[in-house]
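Colleague: Chains as they are written, first to last, in the numbering used here: chain B, 564 to 652; chain W, 182 to 741.
Even glycine gets a Cβ: it sits at the ideal position worked out from N, Cα and C.
What follows is a structure written as structure tokens; I'll ask about it next.
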Amino acid sequence: WSVPLKSVFVTFPGDAIKNMTDVELADEYLKRYGYIDVLKKSTLQGFFSSSDALKNLQSNLGLEETGKLDAATIDAMKKPRCGVPDVRN
Amino acid sequence: YQTFEGDLKWDHTDVTYRILNYSPDMEAPLTDDAFARAFKVWSDVTPLTFRRLYDGTADIMISFGKADHGDPYPFDGKDGLLAHAYPPGKGIQGDAHFDDDEYWTLGKGPAIQTRYGNAEGAICHFPFEFEGQSYSSCTTDGRTDGLSWCATTANYDQDKKFGFCPSELLFTFGGNDNDAPCVFPFVFDGEKYESCTTDGRTDGYRWCATTANFDTDKKYGFCPNRDTAVTGGNAEGEPCKFPFTFLEKTYTSCTSEGRGDGKLWCATTSNYDKDKKWGFCADRGYSLFLVAAHEFGHALGLDHSKVQDALMYPMYKYIEDFPLDKDDIQGIQYLYGPKTGPNPTPPKPTTTPSSHTIPTPSETTTTTPVIPSKDACEINEFDSITEIGKELHFFKDGHYWKMSKAGKRIGPFLMSEKWPAVPAVINTVFEDQLTKKLYFFAGKQFWVYTGKEVLGPRKIEKLGLPSNLEKVEGALQRGIGKVLLFSGEQFWRLDVKAQMIDTGYPRETDLVFGGVPNDSHDVFLYKGFFHFCRQGFYWRMNSKKQVDRVGYVKHDLLKC
């Protein structure tokens, strides 16, 4: 969905869903599903410099391998899915 | 397909499973059936058999939980992560966990099995008609005891078939009192409770006492979720309260206002600003069967697949008539081999069928051609929807239906009889409000009908649309002589009189129309509201560009 216009965003009490930026979302997603080795590359700089993690994710999900955090990749990251990591460290 | 490192697999083919607990969303028999069908997906193509245990340790232990649920991988609230499972092995290996912050259904909205009544446990039929009014959820209307009920056929007035919907007044589940109903008020820790509570628990599940005093009797059970209940938020299990006030505005239906993620929510008291009690509105939910079939794939040794149509692809996608993909079959048969022996055959009638029930040879040896549905209520996605002459028209595969001014659905009609120049499958159509001319778009061409006279086909690039544009998917009339044409995530403004796109276009849909799906496959104006469609749903936007309603095309617009 596109973001509502001229809306006031509210912090809802008890909301388990965090308000995250796309970069934060990507960071968490790549870590959670095994694309970033949490022990080796814990910073965004680590994966953006190579973008290998994103390419790997795009390859696994059948997306165009741009290595960039593009709209299609963000969209895919927001889709409901299984919690088993795609890449095992 | 992929298997786990080391090709982890069960060393026996008679795999056992045990269901440790249930979700408040679905009745136990429906859940049991969903899991059994999910196992059957795999036993149909391998020599594996699955046997259910009711106690002790099974190979595959199945449970529902929320957030931190006892393993190192917490769940994340509604949506996002749905479930996970471990590859074969001892201990936690082989187990499958389902996130109970999701709304578990059979994938198409509330799956509500009734109790008592006269429908013998049949599933609720939504919508149903009662005393001339249409109901899309269980109701307490017509009763004085507060029990919610539903019809199990489309028309209660006619068929009189009904059953009671899950409610804590009818039964509990789990606990220690044989599913006895709640007793209200009950006393817990010296406090009086008038409704189910999560107090005293850390897992977020709602419970109640089944006697008047928990402190003395220690009898309790978990409360089933009503279909009208919200999920998540801070009022799980409570029903939406309409109308409610939010930021000093009144809302009569669920809304996405206030949220950046488009999710629909409601307040559970009449004033959110004061009480701050809220939850997410019920949606179609996730198919427990499909998610379980995927997780059981992991529990048998399959890792995620890169094939988008495979069951083992990591993303959830609802499929009505689920077929196991070739990739999944190859994967599981790599581990366990193909199914051996004959398939079970269905029982045959012992009596001789009468002559009219014996199938003719042609019926058994030839394939009957599939006839497109003539029932608008059976169509999941229309080619185009638009208002013509103040009547809403629905187009699909050469047919159209319309809602009369009296609100009655009529049709199907053949498009070829009224607009013979237009192909059977169109992408959009709109009526120019000034001239009453009809503009039909199909692929890269368009036609203009003035009464019975037609111009076209002409190429859409003649209007100034890009030559690489594949189709026009929606149209919104904006004032006299201007129409917005939508395609993909962009739109153009057409000057109808000049027959040319205005300068300054295309523009991004999400920058102008916030809060609607930016990949709508149909956009139209109806009764002064913008409607954006995605699958069977529509997002209604008012002139202030606020999404004030999200609803079902079939229920709300077609009155199915």
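For B/K618, which residues of its own chain have a beta-carbon under 6 Å away from its beta-carbon, when the five flanking residues on both sides are left out?
Modeller: Excluding residues within five positions, the ones whose Cβ falls inside 6 Å are E628 and G630.
Colleague: Taking 8 Å as the cut-off, decide whether the C-beta atoms of W/D506 and W/L492 are in contact.
Modeller: yes
Colleague: Could you work out which residues of chain B lie near W/E476, taking near to mean beta carbons separated by less than 9 Å?
Modeller: C645 and V647
Colleague: Would you say B/N619 faces chain W, with C-beta separation under 8 Å as the test?
Modeller: no
Colleague: Between W/R674 and W/T321, what straight-line distance do the alpha-carbon atoms span, to the nearest angstrom?
Modeller: 48 Å
Colleague: Does B/S605 pass the burial test, meaning 16 or more other C-beta atoms within 10 Å, or should it be called exposed?
Modeller: Only weak support is given to the placement of B/S605: the predicted model assigns it a pLDDT of 49, under 50, and the value that follows is read from those uncertain coordinates. Around the Cβ of B/S605, a 10 Å sphere holds fewer than 16 other Cβ atoms; the residue is exposed.
Colleague: Need the endpoints of the beta strand (DSSP E) that W/L263 sits in, please.
Modeller: L262 to A266
Colleague: Could you compute how far the alpha carbon of W/T449 sits from the alpha carbon of W/P291?
Modeller: Each residue's alpha carbon lies about 19 Å from the other.
Colleague: Closer than 8 Å by C-beta to W/P542: which residues in its own chain qualify, once you throw out the five before and the five after it? Chain order, please.
Modeller: Reliability fails at W/P542, whose pLDDT of 30 lies under 50, so the model's placement of it is uncertain and the value that follows must be treated cautiously. Counting only Cβ-Cβ distances below 8 Å, and skipping sequence neighbours, we find nothing.
Colleague: Got a sec, what are the start and stop residues for the beta strand (DSSP E) W/S565 sits in?
Modeller: S565 to I569
Colleague: Just the C-alpha distance for W/G344 and W/R465, rounded to the nearest angstrom, thanks.
Modeller: 22 Å
Colleague: List, in chain order, every chain W residue whose beta-carbon is nearer than 7 Å to that of B/V586.
Modeller: Here the premise fails: no neighbours, minimum Cβ distance about 15 Å.
Colleague: Do W/F575 and W/L471 count as a contact pair if the criterion is CB distance below 8 Å?
Modeller: no
Colleague: Tell me which same chain residues have a C-beta within less than 8 Å of the C-beta of W/P424, skipping the five on either side of it?
Modeller: T431, Y432, T433 and S451
Colleague: Between W/D282 and W/T412, which are expected to be in contact by the criterion C-beta below 8 Å, what is the C-beta distance as a whole number of angstroms?
Modeller: 7 Å
Colleague: So, does the stretch 621-639 of chain W touch the stretch 601-613 of chain W, judging by three or more C-beta pairs under 8 Å?
Modeller: yes
Colleague: Any C-beta of chain B within less than 7 Å: which residues of the stretch 395-423 of chain W qualify?
Modeller: G413, G414 and N415
Colleague: Going along chain B in order, which residues have a C-beta closer than 9 Å to the C-beta of W/L263?
Modeller: P643, R644, C645 and G646
Colleague: Contact between the stretch 666-685 of chain W and the stretch 641-656 of chain W is defined here as three or more beta-carbon pairs at a separation below 8 Å; is this criterion met?
Modeller: Under the three-pair Cβ rule at 8 Å, the stretch 666-685 of chain W counts as touching the stretch 641-656 of chain W.
Colleague: Do W/H479 and W/P495 have their C-beta atoms closer together than 8 Å?
Modeller: no
Colleague: From this set, W/F245, W/D398, W/F621 and W/T690, which residue's C-alpha is nearest W/E568's C-alpha?
Modeller: W/F621
Colleague: Please state the DSSP three-state secondary structure of W/N394.
Modeller: strand
Colleague: Using a 10 Å radius around the Cβ and a threshold of 16 neighbouring Cβ atoms, would you call W/T295 buried or exposed?
Modeller: When all chains shown are included, W/T295 counts as buried.
Colleague: Of the choices W/H265, W/E654 and W/E689, whose alpha-carbon is the least far from that of W/D703?
Modeller: Closest in alpha carbon position to W/D703, among W/H265, W/E654 and W/E689, is W/E654.
Colleague: Determine which residues of the stretch 239-262 of chain W have a Cβ less than 8 Å from any Cβ of chain A, and write them out in chain order.
Modeller: Absent from the structure is chain A; the protein chains it does hold are B and W.
Colleague: Distance cutoff 8 Å, beta carbons only. Does B/G597 sit that close to anything in chain W?
Modeller: Answer no: the Cβ-Cβ gap between B/G597 and chain W never drops below 8 Å.
Colleague: Is there a C-beta anywhere in chain W that falls below 8 Å from the one on B/G577?
Modeller: yes
Colleague: Can you tell me whether W/R232 is helix, strand or coil according to DSSP?
Modeller: strand
Colleague: Between W/A557 and chain B, is the shortest Cβ-Cβ distance under 8 Å, so that the two count as touching?
Modeller: no
Colleague: Among W/D360, W/T378, W/V226 and W/K520, which one has its Cα closest to the Cα of W/V368?
Modeller: W/T378
Colleague: Note down, one range per segment and in chain order, each beta strand (DSSP E) of at least 3 residues found wholly within the stretch 261-310 of chain W.
Modeller: 262-266 and 277-280
Colleague: Leaving out five residues on either side along the sequence, give the residues of the same chain with a beta carbon under 7 Å from the beta carbon of W/L201.
Modeller: M242, I243 and S244
Colleague: So that I know if they touch, is there some Cβ in chain W lying closer than 8 Å to that of B/G511?
Modeller: In the structure as shown, chain B begins at 564 and stops at 652. Residue 511 of chain B is therefore absent and cannot be evaluated.
Colleague: Alpha carbon to alpha carbon, how far is W/H712 from B/D585?
Modeller: 28 Å
Colleague: For W/A474, which of W/C741, W/Y497 and W/D456 has the nearest alpha-carbon?
Modeller: W/Y497
Colleague: Buried or exposed: where does W/P550 fall if 16 or more other Cβ atoms within 10 Å of its Cβ makes it buried?
Modeller: Reliability of the predicted coordinates at W/P550 is poor, the pLDDT of 30 falling under 50, and no value is obtained from them.
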